[in-house]
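For reference, the structure discussed in these notes is given below.
Number of protein chains: 2
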Amino acid sequence: MKQKITLKEISRRFNVSISTVSKALKDSPEISEKTKEIIQAFAKEHHYKPNNIALSLKNQKTKNIGIILPEIVHYFFSSVITGVERLATAKGYNVIVCISNESFDKEVINMQMLANGSIDGFIMSLSKDTEKKQDFHHINEVINQGMPVVMIDRITDQVNCDKVIIDDFHGAYSAVQYLIESGRKRIALITMPDYMSVGKLRTEGYKKALADAGIEVDENLIVKVEDFYGGFEPVEELFKNNEVDAVFGVTEFFAVSAMKIAQKMGKSAPKDVSVIGFTDGIISISSSPSLTTVSQHGEEIGEKAVDLLIKRLEEEDFESRPYETEIIKSSLVKRESTL
Amino acid sequence: MKQKITLKEISRRFNVSISTVSKALKDSPEISEKTKEIIQAFAKEHHYKPNNIALSLKNQKTKNIGIILPEIVHYFFSSVITGVERLATAKGYNVIVCISNESFDKEVINMQMLANGSIDGFIMSLSKDTEKKQDFHHINEVINQGMPVVMIDRITDQVNCDKVIIDDFHGAYSAVQYLIESGRKRIALITMPDYMSVGKLRTEGYKKALADAGIEVDENLIVKVEDFYGGFEPVEELFKNNEVDAVFGVTEFFAVSAMKIAQKMGKSAPKDVSVIGFTDGIISISSSPSLTTVSQHGEEIGEKAVDLLIKRLEEEDFESRPYETEIIKSSLVKRESTL
DNA sequence: CTGAAAGCGCTTACAG
DNA sequence: CTGAAAGCGCTTACAG
Chain A
210 MKQKITLKEI
220 SRRFNVSIST
230 VSKALKDSPE
240 ISEKTKEIIQ
250 AFAKEHHYKP
260 NNIALSLKNQ
270 KTKNIGIILP
280 EIVHYFFSSV
290 ITGVERLATA
300 KGYNVIVCIS
310 NESFDKEVIN
320 MQMLANGSID
330 GFIMSLSKDT
340 EKKQDFHHIN
350 EVINQGMPVV
360 MIDRITDQVN
370 CDKVIIDDFH
380 GAYSAVQYLI
390 ESGRKRIALI
400 TMPDYMSVGK
410 LRTEGYKKAL
420 ADAGIEVDEN
430 LIVKVEDFYG
440 GFEPVEELFK
450 NNEVDAVFGV
460 TEFFAVSAMK
470 IAQKMGKSAP
480 KDVSVIGFTD
490 GIISISSSPS
500 LTTVSQHGEE
510 IGEKAVDLLI
520 KRLEEEDFES
530 RPYETEIIKS
540 SLVKRESTL
Chain B
210 MKQKITLKEI
220 SRRFNVSIST
230 VSKALKDSPE
240 ISEKTKEIIQ
250 AFAKEHHYKP
260 NNIALSLKNQ
270 KTKNIGIILP
280 EIVHYFFSSV
290 ITGVERLATA
300 KGYNVIVCIS
310 NESFDKEVIN
320 MQMLANGSID
330 GFIMSLSKDT
340 EKKQDFHHIN
350 EVINQGMPVV
360 MIDRITDQVN
370 CDKVIIDDFH
380 GAYSAVQYLI
390 ESGRKRIALI
400 TMPDYMSVGK
410 LRTEGYKKAL
420 ADAGIEVDEN
430 LIVKVEDFYG
440 GFEPVEELFK
450 NNEVDAVFGV
460 TEFFAVSAMK
470 IAQKMGKSAP
480 KDVSVIGFTD
490 GIISISSSPS
500 LTTVSQHGEE
510 IGEKAVDLLI
520 KRLEEEDFES
530 RPYETEIIKS
540 SLVKRESTL
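These protein sequence lines map, in sequence, to chains A and B.
In terms of the working numbering, the first sequence opens at residue 210 and continues consecutively.
In terms of the working numbering, the second sequence opens at residue 210 and continues consecutively.
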């Protein structure tokens with residue numbers, strides 16, 4: 210049970226001062242070669258590593274970045290974390306993950322917990338509650354304290370900071386356009402409530418694509434789902450009461466769930482109903498037929514967010530630069546659920 | 210841009226000592242009511258929160274726990290994190306997440322990075338490389354330094370520590386038994402190489418179930434997949450060259466992939482081929498037909514791991530207690546891919 | 001070439 | 001009732 214060794218212990222061992230040990234280990238030219246050799250050898254043998262906490266206190270930076278996400282068990286967010294973790298680790302930062310579980314209160318608590326010196330900056334995506342409530346004081350407070358924040362995906366213009374998003378509007382637009390080009394006319398939309406920034410943009414993309422093709426928007430074909438992982442009865446109603454030859458779902462799960470409901474009702478995909486989703490995750494690959502979908506490139510979003518955050522943390526001139534909103538291009542991945 | 214306020218600044222503001230401020234904010238009986246009131250009011254107004262790093266250094270504990278996982282984008286591991294994060298946050302701990310990406314080297318680097326004082330203890334699951342290599346010195350080193358480790362899911366008996374696993378053997382056993390009871394006799398197994406602890410146990414469960422039912426194990430029906438997310442050609446060969454009336458896949462993805470291959474070859478599930486997977490994730494719900502699967506209760510595993518870790522961290526008598534291996538019961542979730 | 005001192009932000013036993 | 005001092009583990013400007 211050899212505990213971690215400290216500078217103090219090494220200094221005592223050789224009857225020198227702590228400063229000498231510290232300098233010797235940094236190979237400072239101030240210290241004689243002989244002393245350095247002895248001390249370095251001893252440190253190596255005992256696996257000396259400087260204590261991170263002490264360094265953090267001294268340097269006034271933790272080399273930790275905090276990330277607050279609404280959830281994590283689904284492809285998009287976990288791929289974001291993968292990207293964040295990869296670049297952060299490569300740059301010498303640790304990643305502290307908090308999950309708001311779509312709750313405003315948890316989001317606030319998480320932020321305050323981390324803002325007390327545990328991290329150097331935030332990456333975050335708004336919880337559903339927060340978007341509904343439109344209350345962003347906790348984020349602005351943190352920013353006012355001088356801690357940089359990068360918002361991703363679910364963002365708001367009521368917070369002034371760096372942002373990384375995808376082109377939700379265009380992603381949706383081109384998905385719907387693709388359906389139209391393949392001859393579909395009765396295209397249903399399964400989307401989120403409008404207070405969700407991404408849901409709103411994707412809905413607008415859908416409407417614009419229809420309009421540009423001269424197809425009138427039929428509000429009966431638009432279903433807004435409150436609960437992202439259940440409660441799809443309205444989708445059943447949709448198929449029952451309307452003629453539908455295509456579905457665009459603004460999440461993978463919306464799309465596949467709609468497809469399964471259609472299949473249960475005797476419609477076959479893609480013949481009777483073409484289906485396109487959003488997020489190119491495992492669901493899309495595993496479903497039958499596999500799903501055509503808009504890829505969000507989550508890892509790329511995560512990496513870009515880390516890049517912006519670390520720049521603001523480390524680059525002298527960057528700190529005072531105006532905030533950027535980086536837009537990652539989405540892309541349509543064609544599979545079996547469309548013709 | 211009001212920076213975070215410190216005790217020093219408050220003390221200067223009222224011309225008292227730092228000690229007085231510190232005590233006043235802790236509502237110490239040593240301090241006069243009047244002083245306490247003034248200081249507390251001021252602190253509240255300025256949102257004073259003690260600096261976590263300073264507390265960590267003083268208390269010699271960080272209230273952070275580190276978790277190292279092979280990957281995160283798939284259901285089982287992300288549900289483990291969800292469970293870990295939930296209980297940890299509730300108990301006042303932050304969670305630092307590292308991803309080994311199935312690489313031994315990254316696992317070692319991650320551990321060393323966190324072991325330098327950033328965290329109080331580890332939760333981890335072995336990378337594929339590490340299991341293959343059977344090199345666990347980095348874990349034992351950390352434990353020898355007095356830092357508790359809880360291993361989950363992918364474990365080894367070459368490290369002595371608390372562990373949380375599921376009953377892989379029995380989970381597999383009952384899945385295969387269920388297939389046998391429904392009349393299947395030519396049951397294929399899609400599994401991992403034997404060096405993967407969980408793969409090995411599930412394979413053994415499969416074999417035992419067959420043996421107990423008096424069915425001879427046909428090695429031609431066993432496919433070992435090296436790459437967990439691709440390279441399923443051997444599965445095609447399996448169906449081509451053998452009569453198969455059921456498949457047990459030791460991951461969700463193995464099972465669904467095999468099912469899709471069977472479907473492509475004109476076999477229908479569950480009529481021609483019954484299919485059971487492992488992990489009750491979104492793939493299982495989204496596939497057509499939906500997948501019967503062995504649920505691993507990832508969140509529960511995560512919570513139990515946190516529970517064991519924090520006990521060892523905080524409970525006086527627990528520290529010296531013998532290590533426990535907690536076994537979480539798996540359960541068979543029946544859906545459409547079996548009759 | 002080596003070491004004492006100050007400091008990062010906090011706590012707490014001790015003195016007054 | 002208040003404050004000075006020591007300490008957590010480290011770094012670094014300064015003195016010798």
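Beta carbons are placed, not taken as given, at the ideal position from N, Cα and C, and that holds for glycine.
All figures in this text were calculated on a predicted structure; none of them were measured in a lab.
I need the DSSP call for residue i, collapsed to helix, strand or coil.
{"i": "B:D436", "result": "coil"}
{"i": "B:D371", "result": "strand"}
{"i": "A:S504", "result": "strand"}
{"i": "A:V484", "result": "strand"}
{"i": "B:A478", "result": "coil"}
{"i": "A:M210", "result": "Annotation note: pLDDT 43 at A:M210 (below 50); position unreliable, coordinate value reported separately. DSSP places A:M210 in coil when its eight states are reduced to three."}
{"i": "B:G380", "result": "helix"}
{"i": "A:V282", "result": "coil"}
{"i": "B:T547", "result": "coil"}
{"i": "A:L348", "result": "Position check: residue 348 of chain A holds Ile in this sequence, whereas Leu was assumed. The answer is helix: DSSP assigns A:I348 an H, G or I state."}
{"i": "A:S539", "result": "coil"}
{"i": "A:T244", "result": "helix"}
{"i": "B:Y415", "result": "helix"}
{"i": "B:R222", "result": "helix"}
{"i": "B:S391", "result": "coil"}
{"i": "B:V426", "result": "coil"}
{"i": "B:S499", "result": "coil"}
{"i": "B:M405", "result": "coil"}
{"i": "A:T229", "result": "helix"}
{"i": "B:Q249", "result": "helix"}
{"i": "B:D314", "result": "helix"}
{"i": "A:P238", "result": "coil"}
Could you work out which residue in the options is closest to residue i when comparing CA atoms only?
{"i": "B:L296", "options": "A:V282, A:I290, A:C307", "result": "A:C307"}
{"i": "B:H283", "options": "B:S493, B:F378, B:D344", "result": "B:S493"}
{"i": "A:M322", "options": "B:S312, B:D329, B:I328, B:A299", "result": "B:A299"}
{"i": "A:K538", "options": "A:E316, A:D376, A:F251", "result": "A:D376"}
{"i": "B:N429", "options": "B:K449, B:I305, B:L278, B:I328", "result": "B:K449"}
{"i": "A:V426", "options": "A:M356, A:Y415, A:E435, A:K433", "result": "A:Y415"}
{"i": "A:P357", "options": "A:E533, A:V484, A:T215", "result": "A:E533"}
{"i": "A:V434", "options": "A:V453, A:L419, A:Y404, A:P479", "result": "A:Y404"}
{"i": "B:V385", "options": "B:D362, B:T244, B:K372, B:A420", "result": "B:A420"}
{"i": "A:F463", "options": "A:E524, A:M401, A:G423", "result": "A:M401"}
{"i": "B:K342", "options": "B:K394, B:K543, B:E316", "result": "B:E316"}
{"i": "B:V482", "options": "B:T488, B:K473, B:S334, B:S312", "result": "B:K473"}
{"i": "A:K253", "options": "A:T271, A:K272, A:Q269, A:V230", "result": "A:V230"}
{"i": "B:S327", "options": "B:T460, B:K245, B:N261", "result": "B:N261"}
Spell out the partners DSSP gives residue i in its beta bridges.
{"i": "A:I274", "result": "A:V304, A:G330"}
{"i": "A:M360", "result": "A:M333, A:K372"}
{"i": "B:F457", "result": "B:L398, B:I485"}
{"i": "B:I431", "result": "B:L398"}
{"i": "B:T173", "result": "Residue 173 of chain B lies beyond the stretch modelled for chain B, which goes from 210 to 548, so this question has no answer here."}
Just confirm the distance between the C-beta atoms of residue i and residue j, as a whole number of angstroms; I'd bet it's less than 8 angstroms.
{"i": "A:I248", "j": "A:G330", "result": "At roughly 35 angstroms, the Cβ-Cβ gap does not stay under 8 angstroms, so A:I248 and A:G330 are not in contact."}
{"i": "A:V289", "j": "A:I470", "result": "Incorrect: roughly 29 angstroms between the Cβ atoms, too far for contact."}
{"i": "A:K232", "j": "A:I240", "result": "5 angstroms"}
{"i": "A:I227", "j": "A:Y257", "result": "So it is not a contact: roughly 13 angstroms between Cβ atoms."}
{"i": "A:D454", "j": "A:R544", "result": "No, A:D454 and A:R544 are not in contact; Cβ-Cβ is about 18 angstroms, not under 8 angstroms."}
{"i": "A:A514", "j": "A:I348", "result": "The pair is not a contact, with the Cβ atoms about 15 angstroms apart (cut-off 8 angstroms)."}
{"i": "B:T547", "j": "B:Y387", "result": "7 angstroms"}
{"i": "A:D338", "j": "A:E311", "result": "6 angstroms"}
{"i": "B:G490", "j": "B:F286", "result": "About 10 angstroms; that fails the 8 angstroms criterion."}
The segment 249-271 of chain B: positions lying closer than 8 angstroms to chain A by Cβ: H256, K258, P259, N260, N261, I262, A263, S265, L266, T271
Interface residues of the segment 477-497 of chain B facing chain A [CB-CB below 7 angstroms]: I491, I492, S495, S496, S497
The segment 451-472 of chain B: positions lying closer than 9 angstroms to chain A by Cβ: E461, F462, V465, S466, M468, K469, Q472
Interface residues of the segment 320-338 of chain B facing chain A [CB-CB below 8 angstroms]: Q321, M322, L323, A324, N325, G326, S327
Contact residues within the segment 303-315 of chain B, judged by C-beta distance below 9 angstroms to chain A: N303, V304, I305, V306, C307, I308, N310, K315
Short-range partners of chain A found in the segment 280-301 of chain B, where Cβ spacing is below 9 angstroms: E280, I281, V282, H283, Y284, F286, S287, S288, I290, T291, E294, R295, T298, G301
Interface residues of the segment 338-361 of chain A facing chain B [CB-CB below 7 angstroms]: N353, Q354, G355
Against chain A: residues of the segment 400-420 of chain B by CB proximity under 8 angstroms: none
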